[in-house]
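Engineer: Structure incoming, see below.
Have a look at this one:
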């Protein structure tokens, strides 16, 4: 902050925390985005397992039934 006049040096006490918080928010945003991209292929499997656990159904049988419904619905229309 050497190019700032002496009477504005107090701004450095405000700018440094704002800069640090901004950098942390940007890194947090990119980390969250990257984590979601990595986890996205598994979201469907996790949702199936959770729904099977909540309804008490067998997850493998439930997955087969849902696949069968999707495949036959296309031919019935």
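Residue numbers (our numbering): 253 to 329.
Backbone N, C-alpha and C fix where the C-beta goes; we use that ideal spot for every residue, glycine too.
(1) What is the DSSP secondary structure of residue 291, counted as helix, strand or coil?
(2) Quick one: Cα of residue 356 to Cα of residue 298, how far?
(3) Mapping DSSP to helix, strand and coil, what is residue 256?
(4) Unbroken alpha helix (DSSP H) runs of length 4 or more, entirely within the segment 260 to 309: which are they?
Structural biologist: Considering the structure as presented:
(1) Counting from 1 along the chain shown, the entry for residue 291 is found at position 39. Helix at residue 291.
(2) Beyond the ends of the chain as shown, which are 253 and 329, falls residue 356; an answer cannot be given.
(3) Within the chain shown, numbered from 1, the residue matching residue 256 stands at position 4. Reduced to three states, the DSSP call for residue 256 is coil.
(4) 264 to 307
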